[in-house]
Amino acid sequence: MKKVISFIFIVFSLASFSIVKNYREIKYPPLKSPHRVKPVILKLKNGLTVLLLEDHELPVISGEIMFHGGSVCDPEGKEGLSEIFSEVLRSGGNSIMSGDEMDNFLEETASSIECSSDETSVTAEFKCLRENFQKVFDLFFETIHSPRFDSKKIQVAKSRMSAIIVRRNDDPRSIARRVFLRRVYGLKSPFSKQAELNTISSISRNDLLLFWKKHLVASNAVMYIYGDFNIENMKKLVKERFGKLTRGKRVNLNLNISPEKPGIYFVERKGVTQSNIVFGNPVNLEKRDSDYPAAVLFSKIVGGGFSSRFMRTIRRDMGLSYSPYAFISVPFEHSGYFMAVINTRLNATGRVIDVAKKIIADIQKSGVTDDELNQVKEEFLNSYVFQFDSKEKQVAKAAIYLFYGYPMDFNERFFNAVKRVKKSDIQRIAKKYIHLDKLVFSVVGDSSKFDRPLNVFGPVHPVDVSIPGLKEMQKRRAMIMKIKTMKQKAKRVTDKKRKRKKESKTEKTEKKKSGLNRFILMAPFDGAFFVDFIV
Amino acid sequence: MIKRLSVFLLILLFVLPSFSISEKEFEKHLTVYKLKNGLTFLLYERHDAPVVSFHTYVDVGSVNETYGITGISHMLEHMAFKGTTTVGARDLKKEMALLDRIDNLFGKLYQLEDSNGSKEEIARLKKRIAKLQREAEQAANIGEFDRIISEAGGEDLNAFTTADATQYHYSLPSNKIELFCFLESDRFLNPVFRQFYKEREVVAEERRMRVESNPFGKLLEEFQCLCYKYHPYQIPTIGAMSDIQRYTRKKVEGYFRKYYGPQTMTIAIVGDFDTEKLKPMLKEYFGRLPVGKRPAKIVTKEPLQTAVRKVVLREHSQPVYLVGYHRPSARDRKADVAFSAIAQILGEGRTSRLYRRLVNKERKALYVGCFNGWPGDKYPSLFLVYAVPTPGTSLDDIAREIDQEIERLKNEPVKPEELNKVKSQAKAELIYSLDSNQGIASMLANYYVKLGDWREIFREVDMIEKLTPGDIQFYAKKYLRKNGKNIGEIIPADN
Chain G
1 MKKVISFIFI VFSLASFSIV KNYREIKYPP LKSPHRVKPV ILKLKNGLTV
51 LLLEDHELPV ISGEIMFHGG SVCDPEGKEG LSEIFSEVLR SGGNSIMSGD
101 EMDNFLEETA SSIECSSDET SVTAEFKCLR ENFQKVFDLF FETIHSPRFD
151 SKKIQVAKSR MSAIIVRRND DPRSIARRVF LRRVYGLKSP FSKQAELNTI
201 SSISRNDLLL FWKKHLVASN AVMYIYGDFN IENMKKLVKE RFGKLTRGKR
251 VNLNLNISPE KPGIYFVERK GVTQSNIVFG NPVNLEKRDS DYPAAVLFSK
301 IVGGGFSSRF MRTIRRDMGL SYSPYAFISV PFEHSGYFMA VINTRLNATG
351 RVIDVAKKII ADIQKSGVTD DELNQVKEEF LNSYVFQFDS KEKQVAKAAI
401 YLFYGYPMDF NERFFNAVKR VKKSDIQRIA KKYIHLDKLV FSVVGDSSKF
451 DRPLNVFGPV HPVDVSIPGL KEMQKRRAMI MKIKTMKQKA KRVTDKKRKR
501 KKESKTEKTE KKKSGLNRFI LMAPFDGAFF VDFIV
Chain C
536 MIKRLSVFLL ILLFVLPSFS ISEKEFEKHL TVYKLKNGLT FLLYERHDAP
586 VVSFHTYVDV GSVNETYGIT GISHMLEHMA FKGTTTVGAR DLKKEMALLD
636 RIDNLFGKLY QLEDSNGSKE EIARLKKRIA KLQREAEQAA NIGEFDRIIS
686 EAGGEDLNAF TTADATQYHY SLPSNKIELF CFLESDRFLN PVFRQFYKER
736 EVVAEERRMR VESNPFGKLL EEFQCLCYKY HPYQIPTIGA MSDIQRYTRK
786 KVEGYFRKYY GPQTMTIAIV GDFDTEKLKP MLKEYFGRLP VGKRPAKIVT
836 KEPLQTAVRK VVLREHSQPV YLVGYHRPSA RDRKADVAFS AIAQILGEGR
886 TSRLYRRLVN KERKALYVGC FNGWPGDKYP SLFLVYAVPT PGTSLDDIAR
936 EIDQEIERLK NEPVKPEELN KVKSQAKAEL IYSLDSNQGI ASMLANYYVK
986 LGDWREIFRE VDMIEKLTPG DIQFYAKKYL RKNGKNIGEI IPADN
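Here it is, written out as structure tokens:
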């Protein structure tokens, strides 16, 4: 009976559905409200904040702990320390297992523990199937609590880091970004700390230990754990393990910037067919500021996504660039910058700069249209539901807000503030934060093929991006390798001699045969080959 | 310590598969729905959040192209965002007339250019074209397609083209599912190739960015032509610059109407919807699509490679080493899973042989890795190993060490621990991949089209479970041949 009814229902609905001729005629049912999660917040006695969220959809558990501290803390002469630190924190092993044993265990169980760092934070995260959780969690905890900083692994990390330094000029796009960011924050600012071959070589195990003692402490961290667990058991476990972390202090970071003077910072690059252009200026704005919502909408209108002015004008209408974009970067706890990024054919370099500047000048002068503002607002309102499409995303976000001292419901407050942004706010943002007469440019390209000289846009400062100490290093390494290969060759010769003595007759005949085969392959004008070719 | 650990691992392996998502459980959420015109939908209900993801897979890619139209599939991927006779239209009649005139003038322009016509005349013609283009744009509502989707709260709107296929995807709040039905069916039914000649320029810029100004992109293009002498996998997806600059709207539209239809399309929809309510909607909207043709069957088989081939690029870049061996297509399931195991054992993850040796122990490489199925995997393709050496390490040195590891795979069976790792990871990866709508949609469409059945997602895990060290050795011996090597190198220009 049930089947019959559902059959009738299907037939009925088949007949009843009619399509519209224009999408505007579609009548949408109301949207179900998304499920908002409420993580449990745990404050340990040592000052560590932990967010826990239970979810049984998949038999998976994951988590992350964040500490304040990053490349802005690298001591002078030891730039690159925080990066080496975060690598060896994981690869160097801990009191339970060596790094190699961990690699084996984690890959055997398809689990992961990884550490990383950026300018202002050091992060460790894990993910595993429920059945492996106990062991993985212990390893995760000990990675933070009792790292070995194995000397061999420090050497591995240092040589990897050196190789990364040597390669930082391989891609012109990343050169342009790097040159820009270091100018807009200023070469002397903590955000421009750049690891070099000599700073890497001066980093010692003791530096790592000091960094660990100071930064990986409870009061300096926020953690979350999400997934298939029982909340009460988890609370107990977290207290038991992470309660052992030293209390320590919240680390205060030096976040002062001192921008370089405006102008064009130019890197000559022959042999490319495109120039990479980045320009902008420092913007003194944090996410907690009341201008942040308008800055986000401004960024969307000027250079975010297919419908932005940058994409519409530079890509769609002029065909000058594949992916031009622009935005105001607004960090949590230090000042940001405005940045426009374009790559274009060499002979359109000057033209594209003009066009991009004009797009911004237009907004400063005439503001944006009602349509534009409504559209980005609609976009915001309607896509808000995607903030809740994964429970882990929600708890991870809440953890970040707590980490930077923002209210847990910051997202909701921000959303409501976006709704209130007016047209005049967008224009005000453009005027207040973007200074077209004081732009910092970075351009990478072949200047002999530009449509006009760059100095029409301001004073040009050539930038030498060559890597200090590279030539000496290459010579040294090549020498060491040469000696090694010579030794290996000598060894191979003696090995061969020994082997030859042992070789049996049958093996010799086989060798002859394969030699013959090789000869035939090398004869391209063999008759049969030629016939095949004529067809 | 190590001994204790391995005992522990043994115990662990015994208790390991306590959970796995079963095919039956998965099937409860899934419906395969086929329309009369041949269009297949893969509908997977997932009600966690009121959102839904769409993934349209068109079984046409650069492998189906010929010289003169290289890159046309990729160009079509771009044109799919230009609107239709409804979306993006304002005064359609006027616009279409203008677009025809623009086509004609471009025809004249090519004639002039090819016959060394006078520069003044060429300049005049270009000016006229520019004027008509502006008029055509004014007669249209440029950019409406993108705007509708972003205004509706769409996320993740994009498309990509490979040698095998063209794939389009985005997500919407789940109450807007009819909008998708309208836009996606309209997109394939009534396309208008607006701003065609400008989009060619955008594609040209994309080529300059990805290939011409990027040393590794350049290497890959050279490498692709090196590996294939006959099979159309030799055609780079982005296409030749001269082809890009001479596409005509007629040629591209003709190609689209012929091949991009229900006969080559599969759509996966994953998220918060009711399958029975959705079916009639899909039927009405997508049932309108006329059946076209499938691209000609590719009969060419790449002949067995019997000589080592090598290409060397001198670039403003530190050195890179790449080696590729021909392997069977993904349809040879046994070979395919064996090669994914080979890739993992050889070069994926911290415990892989090459990583241990070259990165950790000898510090000769910054990265090593393997890649399966390049440039596609619908037809027999390549298994790649690549390495980025540390300063001072010669490429010959790196090559020798990789060769030794390849020989080892052929000469001695892999250790059971190594294979067990591959097995447990395959199981876990499947579970991990079930946490996002987009991920499930893309996986469903890809397995369904390429392997003929979504169940291959689960069969793959079973097949990996059954792999033996002997299988690995067999496939390594058969395909990783000394005489079948393709080598690509970047060496620094100043040396």
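Protein chains in written order, with the numbering used here: chain G, 1 to 535; chain C, 536 to 1030.
For glycine and all other residues, C-beta sits at the position ideal for the given N, C-alpha and C.
Inset, instruction - Output yes or no for whether 8 Å exceeds the beta carbon distance between G:Glu119 and G:Ser71. - result: Here residue 119 of chain G refers to the residue found at position 119 when the first sequence is read from its first residue. Here residue 71 of chain G refers to the residue found at position 71 when the first sequence is read from its first residue. Their beta carbons are under 8 Å apart, which means G:Glu119 touches G:Ser71 by this criterion.
Inset, instruction - To the nearest angstrom, report how far apart C:Glu964 and C:Tyr705 are at their CA atoms. - result: As a working mapping, residue 964 of chain C is identified with position 429 in the second sequence. As a working mapping, residue 705 of chain C is identified with position 170 in the second sequence. Rounded to whole angstroms, C:Glu964 to C:Tyr705 spans 23 Å at the Cα level.
Legend entry - Proximity to G:Ser424 [Cα-Cα], best of G:Lys38, G:Leu139, G:Gly367, G:Leu187: Within the first sequence, numbered from 1, the residue matching residue 424 of chain G stands at position 424. Answer by Cα proximity: G:Gly367.
Inset, instruction - Jot down the residue ranges of each uninterrupted alpha helix (DSSP H) in the region 599 to 643 of chain C, minimum 4 residues, whole runs only, in chain order. - result: Runs of the alpha helix (DSSP H) inside the region 599 to 643 of chain C: 607 to 614.
Inset, instruction - Tell me whether the beta-carbon of C:Arg742 lies closer than 8 Å to the beta-carbon of C:Ile773. - result: Translated into the one-based positions of the second sequence, residue 742 of chain C becomes position 207. Translated into the one-based positions of the second sequence, residue 773 of chain C becomes position 238. With a cutoff of 8 Å on beta-carbon distance, C:Arg742 and C:Ile773 are scored as near each other.
Inset, instruction - Indicate whether at least one CB of chain C lies closer than 8 Å to the CB of G:Ile426. - result: Taking the first sequence and counting its residues from 1, one reaches residue 426 of chain G at position 426. Not closer than 8 Å to any Cβ of chain C, the Cβ of G:Ile426 fails to qualify, so no.
Legend entry - Per-residue burial, C:Met744 [other beta carbons within 10 Å of its own, 16 or more giving buried]: Position 209 of the second sequence holds residue 744 of chain C. So C:Met744 counts as buried.
Inset, instruction - Quick one: using the 10 Å Cβ neighbour count with 16 as the cut-off for buried, is G:Thr509 buried or exposed? - result: In the first sequence, counting from the first residue as 1, residue 509 of chain G sits at position 509. A caution first: G:Thr509 carries a pLDDT of 36, below 50, which makes its placement in the model unreliable, though a value can still be read off. Counting the other Cβ atoms within 10 Å of the Cβ of G:Thr509 gives fewer than 16, which makes it exposed.
Inset, instruction - Using alpha carbons as the reference points, say which of G:Asp362, G:Ala340, G:Ser290 lies closest to G:Val414. - result: Here the question's residue 414 of chain G lines up with position 414 in the first sequence. The sequence as given places Phe at residue 414 of chain G; Val does not occur at that position. Of the listed residues, the one whose Cα sits closest to G:Phe414 is G:Ser290.
Inset, instruction - Could you please tell me which residues of the region 272 to 295 of chain G, in chain order, have their CB closer than 7 Å to any CB of chain C? - result: Val272, Thr273, Gln274
Inset, instruction - Go to G:Gln427, then tell me how far its alpha helix (DSSP H) extends in each direction, as first and last residue. - result: Locating residue 427 of chain G in the first sequence gives position 427, where the first residue counts as 1. Annotation for G:Gln427: the continuous alpha helix (DSSP H) segment containing it runs 423 to 433.
Legend entry - Residue ranges of each alpha helix (DSSP H) within the region 166 to 204 of chain G, 4 or longer: 172 to 185, 197 to 201
Legend entry - Three CB pairs or more closer than 8 Å across the region 744 to 757 of chain C and the region 280 to 290 of chain G: Contact between the region 744 to 757 of chain C and the region 280 to 290 of chain G is not established, with fewer than three Cβ pairs separated by less than 8 Å.
Inset, instruction - Could you tell me which chain G residues have their CB closer than 8 Å to the CB of C:Phe808, listed as they occur along the chain? - result: Position 273 of the second sequence, counted from the start, is the residue given in the question as residue 808 of chain C. Contact note: C:Phe808 does not reach chain G at a C-beta cutoff of 8 Å; the least C-beta distance is about 11 Å.
Inset, instruction - May I ask you to report which of helix, strand or coil DSSP gives C:Ala900? - result: For this step, residue 900 of chain C is matched to residue 365 along the second sequence. Strand.
Inset, instruction - Mind checking the region 748 to 774 of chain C against chain G and listing, in chain order, the residues whose C-beta falls within less than 9 Å of any C-beta there? - result: Ser748, Asn749, Pro750, Phe751
Legend entry - G:Ala340 and G:Ala356 closer than 8 Å at C-beta: Counted from its first residue, the first sequence places residue 340 of chain G at position 340. Counted from its first residue, the first sequence places residue 356 of chain G at position 356. Cβ atoms of G:Ala340 and G:Ala356: closer than 8 Å.
Legend entry - is_contact[G:Ile164, chain C] using C-beta, thresh 8 Å: As a working mapping, residue 164 of chain G is identified with position 164 in the first sequence. Yes, its Cβ sits closer than 8 Å to a Cβ of chain C.
Legend entry - chain G within 8 Å of C:Lys740, Cβ atoms only: On the second sequence, position 205 is the one that residue 740 of chain C refers to. For clarity, residue 740 of chain C is Glu in the given sequence; the question names Lys instead. Yes - at least one Cβ of chain G is within 8 Å of the one on C:Glu740.
Inset, instruction - Please work out which residues of its chain come closer than 6 Å, Cβ to Cβ, to C:Val984, disregarding the five sequence neighbours upstream and downstream, and give them in chain order. - result: In the second sequence, counting from the first residue as 1, residue 984 of chain C sits at position 449. Taken in chain order, the residues that qualify are Tyr592, Asp594, Thr801.
Legend entry - Short-range partners of chain C found in the region 147 to 176 of chain G, where Cβ spacing is below 7 Å: Val156, Ser159, Arg160, Ser162, Ala163, Ile164, Val166, Arg167, Asp170, Asp171, Pro172
Legend entry - CB contact below 8 Å: C:Ile1007 versus chain G: As a first step, residue 1007 of chain C must be located in the second sequence, where it is residue number 472. Closer than 8 Å: no.
Inset, instruction - Below 9 Å between beta carbons is the criterion; list the residues of the region 727 to 738 of chain C that meet it against any residue of chain G, in chain order. - result: Gln730, Tyr732, Lys733, Glu734, Arg735, Glu736, Val737, Val738
Inset, instruction - Check whether the Cβ of C:His704 lies closer than 8 Å to any Cβ atom in chain G. - result: Residue mapping note: residue 704 of chain C aligns to position 169 of the second sequence, counting from 1. No, no contact with chain G.
Inset, instruction - Say whether chain B places a C-beta atom closer than 8 Å to the C-beta of C:Ile999. - result: Included in the structure are the protein chains G and C, with no chain B among them.
Inset, instruction - Taking only beta-carbon positions, decide if G:Ala478 is within less than 8 Å of chain C. - result: Translated into positions along the first sequence, residue 478 of chain G becomes position 478. Yes, G:Ala478 lies at the interface with chain C (some Cβ there is under 8 Å from its Cβ).
Inset, instruction - With a floor of 4 residues, list each alpha helix (DSSP H) that falls wholly inside the region 734 to 762 of chain C, ordered by position along the chain. - result: 750 to 762
Legend entry - Residue from C:His851, C:Leu640, C:Asn725, C:Pro863 with nearest C-alpha to C:Tyr795: Looking up residue 795 of chain C in the second sequence gives position 260. Selection C:His851, C:Leu640, C:Asn725, C:Pro863 evaluated against C:Tyr795 yields C:Asn725 as nearest (Cα-Cα).
Legend entry - Identified DSSP bridge partners for G:Cys115: Here residue 115 of chain G corresponds to residue number 115 of the first sequence, with the count starting at 1. Partner(s): G:Ala124.
Legend entry - Minimum Cβ-Cβ distance from C:Val586 to chain G less than 8 Å: Reading the second sequence from its first residue, position 51 is the one you call residue 586 of chain C. Yes, because at least one Cβ of chain G sits closer than 8 Å to the Cβ of C:Val586.
Inset, instruction - Please check if any C-beta of chain G sits within less than 8 Å of the C-beta of C:Ile537. - result: The residue labelled residue 537 of chain C in the question sits at position 2 within the second sequence. With a pLDDT of 38 at C:Ile537, under the threshold of 50, the modelled position of this residue cannot be trusted; read the value that follows with caution. Yes - at least one Cβ of chain G is within 8 Å of the one on C:Ile537.
Inset, instruction - Report the neighbours of C:Glu819 on chain G: residues whose CB is nearer than 8 Å to its CB, in chain order. - result: Taking the first residue of the second sequence as position 1, residue 819 of chain C is located at position 284. Those are Phe17, Ser18, Ile19, listed as they occur along chain G.
Legend entry - 9 Å Cβ cut-off: residues of chain G touching C:Val996: In the second sequence, residue 996 of chain C corresponds to position 461, counting from 1. Those do not exist, as C:Val996 stays about 12 Å from chain G at its closest Cβ, beyond 9 Å.
Legend entry - Residues of the region 910 to 927 of chain C whose Cβ lies closer than 9 Å to any Cβ of chain G, in chain order: Val923, Pro924, Thr925, Pro926, Gly927
Inset, instruction - Using the Cα positions of G:Phe380 and C:Gly688, report the straight-line distance between them to the nearest angstrom. - result: Along the first sequence, read from residue 1 onward, the residue named residue 380 of chain G stands at position 380. Along the second sequence, read from residue 1 onward, the residue named residue 688 of chain C stands at position 153. A straight-line Cα-Cα distance of about 7 Å links G:Phe380 and C:Gly688.
Legend entry - Candidates C:Arg625, C:Cys716, C:Asp970, C:Ala658: closest to C:Ala671 by CA position: Stepping through the second sequence from its first residue, residue 671 of chain C is reached at position 136. Considering only alpha carbons, the answer is C:Arg625.
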